[in-house]
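Colleague: Dumping the structure here so I can ask a few things about it.
2 protein chains.
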Amino acid sequence: MRQIAIYGKGGIGKSTIAANLSMALKEMGLRVMQVGCDPKRDSTRILAGGRLIPTVLETFREELRIGKDEYAISLKDIIFQAQSGIYCVESGGPEPGIGCAGRGVLTALQILSDLKAFETYGIDVAIYDVLGDVVCGGFAMPIRHGYAQEIYLICSGGFMSIYAANNIAKAIRRLSRRGETGLAGVICNSSGDEQFEKVVLSQFAEALGSKLVHLVPRSPVIQACEVESRTVLEHSPQSEEAEVFRELARQVMDNDRPVIPKPIEEISDLEAMYREHLPK
Amino acid sequence: MRQIAIYGKGGIGKSTIAANLSMALKEMGLRVMQVGCDPKRDSTRILAGGRLIPTVLETFREELRIGKDEYAISLKDIIFQAQSGIYCVESGGPEPGIGCAGRGVLTALQILSDLKAFETYGIDVAIYDVLGDVVCGGFAMPIRHGYAQEIYLICSGGFMSIYAANNIAKAIRRLSRRGETGLAGVICNSSGDEQFEKVVLSQFAEALGSKLVHLVPRSPVIQACEVESRTVLEHSPQSEEAEVFRELARQVMDNDRPVIPKPIEEISDLEAMYREHLPK
Ligand SMILES: Nc1ncnc2c1ncn2[C@@H]1O[C@H](COP(=O)(O)OP(=O)(O)O)[C@@H](O)[C@H]1O
Ligand SMILES: Nc1ncnc2c1ncn2[C@@H]1O[C@H](COP(=O)(O)OP(=O)(O)O)[C@@H](O)[C@H]1O
Ligand code: SF4
Ligand SMILES: [Mg+2]
Ligand SMILES: [Mg+2]
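Going down the list, the protein sequences come from chains A and B. Numbers given in my numbering equal positions in the first sequence, counted from 1, plus 8. Numbers given in my numbering equal positions in the second sequence, counted from 1, plus 8.
Structural data, given as structure tokens:
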């Protein structure tokens, strides 16, 4: 079974890429589970027809409240099969204002494994959609505990998305278990200037010891799909955008050797690399 | 001295509003300090001419590394006066992958108060720009410890921004100290459909026991200012957008009675309220 994690700053397009990637993998005949690991709990919204599904943590809190434990949870309370056949899970977050959101994500992942979710549903690929703005000890737990085995960093042409990705690469280097988890690649979710993005993100990915795996164009079709809560492959199966996600799925399945990244230490070096390619 | 905090989901426009509000307050003759409380450390970028200033936490770590403590930090190492005269601070975040980012923000705020930053610079208004995607115990610390006294929630017409704001309101209710901290209001940073936003955000704000304080239009001028790393008031002082921020500053200064919010308990009720106003 492959465990693939999508990290990147807030609003960069993690959920959009995760949902469309899940769909393309499903089309290849694989059994796919997408696990939202963002307290916003909206990772699987496109897959679930616009619905925000119940979360593992809120279901767990219900059981705790009546004196039971995680083994009282039934898999059908926390795993929802979308019309497409993809299995959807949302970790959820803590009660607002208390507890550790990152720790909560880990708890949710541990519940899935204690309840043998992957085995029960015969899952081939798990896609984890993880918040990447805060690279704290909490949110790095999926890496530390070996869940996020093949990690993709989502970037655009904006400097802050590269800065966030470099920080995540620092966490991967510090926490990944040799041979088990690592950086699988960088994916560009374009903010418009594809020429600039290809050059600067290829250089960034290579500096990390990895590669720019694919570029997803900025597209009104992708935006429209979100409003309709459908993936691009369901909404416009013949479109160029649908083909982009099919190609991404092929790249991801072929690319099974994650590396320990070599992040850029100093922010001034990161800025210098970035400025080099800015149009004069 | 007024301590005003801006909370909201990632990418909603917190830093854009914070920087332009700081500028408008400065124009009113007030001495203003903006403190970025987001590990991305880009809150004061527009104010500092595109530069990412050194953070409190990285400066603190340097001192710790050579066996010193926070009192070895000199204020001029962590507080930078922009050309506009506004004082800029970035809390920064932990070393990636370890430690608690929220706890780090609190540490940075405590260092500012231990070093008597507000007294030394004669600050009238402090603006805290705080990450609101993760409403964990860590990021709620500025509320719990009485720094975030007048809290503004930034929303747009998108449901997820309202969902995030409602979660922050839950944290405020749980943690705010009666009479000291509370919800001061909702600010709309429009995503385009102002008609819909005014209706749904007024209802949401009133349900919380507060009000919709102001609406900032979606505008290419505001976008252009970010690219040039200048506030709207510096870039286009006579523009309608500049006047919007001047009005916001007046509203904020007049509005000094924060409330303990009454957040909407169930997500289904929040969705129902939202759907009521959607165009049929
Ligand atoms: N390639 C793209 N073209 C157009 N819009 C996009 C694209 N990728 C993402 N978006 C839009 O950007 C917004 C943020 O995307 P989302 O996947 O929710 O980000 P994240 O999960 O990283 O917070 C959504 O409204 C989405 O529709
Ligand atoms: N009213 C607006 N009109 C146009 N663009 C905006 C507006 N508000 C914010 N933006 C843009 O949206 C992006 C995100 O804003 P930012 O303030 O960085 O969000 P946050 O601090 O909440 O993450 C920036 O590129 C900014 O220029
Ligand atoms: S470790 Fe991260 S998720 Fe956990 S409380 Fe701290 S900031 Fe929040
Ligand atoms: Mg998302
Ligand atoms: Mg910001």
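Note that CB positions come from ideal geometry on N, CA and C, so glycine has one too.
Any residue with its Cβ nearer than 6 Å to a heavy atom of ligand 1 should be included. What is that list in chain order?
Modeller: GLY16(A), GLY18(A), GLY19(A), ILE20(A), GLY21(A), LYS22(A), SER23(A), THR24(A), ASN197(A), VAL224(A), ARG226(A), SER227(A), ILE230(A), GLN231(A), GLU234(A)
Colleague: Would you say GLY37(A) reaches chain B, if we count a Cβ-Cβ gap shorter than 8 Å as a contact?
Modeller: Residue 37(A) sits at position 29 when you count from the first residue of the first sequence. So no, GLY37(A) is outside the interface.
Colleague: So, does the stretch 24-43 of chain B touch the stretch 175-187 of chain B, judging by three or more C-beta pairs under 8 Å?
Modeller: no
Colleague: So ARG185(A) contacts chain B; which residues on that side make the cut at Cβ distance below 7 Å?
Modeller: Position 177 of the first sequence holds residue 185(A). Those do not exist, as ARG185(A) stays about 13 Å from chain B at its closest Cβ, beyond 7 Å.
Colleague: Could you give the first and the last residue of the continuous beta strand (DSSP E) run that contains LEU55(A)?
Modeller: For the purposes of this step, residue 55(A) is taken as the residue at position 47 of the first sequence. LEU55(A) -> no beta strand (DSSP E), and no H or E assigned at all.
Colleague: By DSSP's criteria, CYS163(A) is part of a beta bridge. Which residues make up the other side?
Modeller: Counting from one through the first sequence, the residue named residue 163(A) turns up at place 155. Paired residue(s): CYS196(A).
Colleague: Determine the direct distance from the alpha carbon of GLY130(A) to that of SER169(A), and round the result to whole angstroms.
Modeller: Taking the first sequence and counting its residues from 1, one reaches residue 169(A) at position 161. Taking the first sequence and counting its residues from 1, one reaches residue 130(A) at position 122. C-alpha separation (whole angstroms): 35 Å.
Colleague: What whole-angstrom Cβ distance do GLY107(B) and GLY145(A) have, given they're in contact under 8 Å?
Modeller: Start at 1 with the first residue of the second sequence, and residue 107(B) comes out as number 99. Start at 1 with the first residue of the first sequence, and residue 145(A) comes out as number 137. GLY107(B) to GLY145(A), Cβ: 5 Å. Contact.
Colleague: Please list the partners that ALA13(A) has in chain B, where partner means a Cβ-to-Cβ separation under 9 Å.
Modeller: As a position in the first sequence, residue 13(A) is number 5, starting the count at 1. Neighbours of ALA13(A) on chain B: none; closest Cβ ~14 Å, over 9 Å.
Colleague: Helix, strand or coil for ILE25(B) per DSSP?
Modeller: Residue numbering aside, residue 25(B) sits at position 17 when the second sequence is read from its first letter. Residue state, collapsed to three classes: helix.
Colleague: Just how far apart, CA to CA, sit ARG226(B) and SER218(B)?
Modeller: On the second sequence, position 218 is the one that residue 226(B) refers to. On the second sequence, position 210 is the one that residue 218(B) refers to. Spanning the two alpha carbons is a distance of roughly 23 Å.
Colleague: Determine the DSSP secondary structure at PHE147(A), reduced to helix, strand or coil.
Modeller: For the purposes of this step, residue 147(A) is identified with residue 139 of the first sequence, where counting begins at 1. It is coil, neither helix nor strand.
Colleague: For CYS96(B), name the three-state secondary structure that DSSP assigns.
Modeller: Against the second sequence, residue 96(B) aligns to sequence position 88. CYS96(B) falls in the strand class under three-state DSSP.
Colleague: Tell me whether PHE88(B), by its Cβ, gets closer than 7 Å to a heavy atom of ligand 3.
Modeller: Along the second sequence, read from residue 1 onward, the residue named residue 88(B) stands at position 80. No, the Cβ of PHE88(B) stays beyond 7 Å of every heavy atom of ligand 3.
Colleague: On a Cα-Cα basis, can you pick out the residue from GLU284(A), VAL133(A), MET261(A) that is closest to VAL207(A)?
Modeller: If you number the first sequence from 1, residue 207(A) lands on position 199. Comparing Cα positions, the closest option is GLU284(A).
Colleague: For GLY57(A) and ALA280(A), I'd like the C-alpha separation in whole angstroms.
Modeller: The sequence position of residue 57(A) within the first sequence is 49, counting from 1. The sequence position of residue 280(A) within the first sequence is 272, counting from 1. Roughly 43 Å between the two C-alpha positions.
Colleague: Is any heavy atom of ligand 4 found at a distance shorter than 7 Å from the C-beta of SER51(A)?
Modeller: If you number the first sequence from 1, residue 51(A) lands on position 43. Checking the Cβ of SER51(A) against ligand 4 gives yes.
Colleague: When the Cα atoms are used, what is the spatial distance from VAL143(A) to ALA172(A)?
Modeller: Walking along the first sequence from the start, residue 143(A) turns up at place 135. Walking along the first sequence from the start, residue 172(A) turns up at place 164. Each residue's Cα considered, the two are about 8 Å apart.
Colleague: Would you report the Cα separation of ASN263(B) and VAL97(A), rounded to the nearest angstrom?
Modeller: Position 255 of the second sequence, counting from 1, holds the residue named residue 263(B). Position 89 of the first sequence, counting from 1, holds the residue named residue 97(A). Taking the straight line joining both Cα atoms gives about 42 Å.
Colleague: Could you tell me whether the stretch 76-90 of chain A touches the stretch 117-129 of chain A, using the rule of 3 or more Cβ pairs below 8 Å?
Modeller: yes
Colleague: Could you compute how far the alpha carbon of GLN42(B) sits from the alpha carbon of GLN91(B)?
Modeller: Counting from one through the second sequence, the residue named residue 42(B) turns up at place 34. Counting from one through the second sequence, the residue named residue 91(B) turns up at place 83. Each residue's alpha carbon lies about 14 Å from the other.
Colleague: Under 8 Å, Cβ to Cβ, is there at least one residue of chain A near ASP302(B)?
Modeller: With chain B covering only 9 through 288, there is no way to say anything about residue 302(B).
Colleague: Considering only their Cβ atoms, is the gap separating ALA134(B) from LEU183(B) smaller than 8 Å?
Modeller: As a position in the second sequence, residue 183(B) is number 175, starting the count at 1. As a position in the second sequence, residue 134(B) is number 126, starting the count at 1. Contact flag unset, no.
Colleague: What residue range does the beta strand (DSSP E) around MET41(B) cover?
Modeller: Along the second sequence, read from residue 1 onward, the residue named residue 41(B) stands at position 33. Taken as a continuous stretch (DSSP letters only), the beta strand (DSSP E) holding MET41(B) covers 40-45.
Colleague: Report whether the distance from the Cβ of ASP141(A) to the nearest heavy atom of ligand 4 is below 7 Å.
Modeller: By one-based count along the first sequence, residue 141(A) stands at place 133. Result no, Cβ not under 7 Å from ligand 4.
Colleague: Less than 7 Å separating the Cβ of CYS45(A) from some heavy atom of ligand 6?
Modeller: In the structure shown, ligand 6 is absent; the only ligands present are ligand 1, ligand 2, ligand 3, ligand 4 and ligand 5.
Colleague: Can you tell me which residues form a DSSP beta bridge with TYR136(B)?
Modeller: On the second sequence, position 128 is the one that residue 136(B) refers to. Note: TYR136(B) sits in a beta bridge opposite ALA13(B), VAL43(B).
Colleague: Please confirm whether any heavy atom of ligand 3 lies closer than 7 Å to the CB of GLY146(B).
Modeller: Numbered from its first residue, the second sequence carries residue 146(B) at position 138. Yes, ligand 3 has a heavy atom inside 7 Å of this Cβ.
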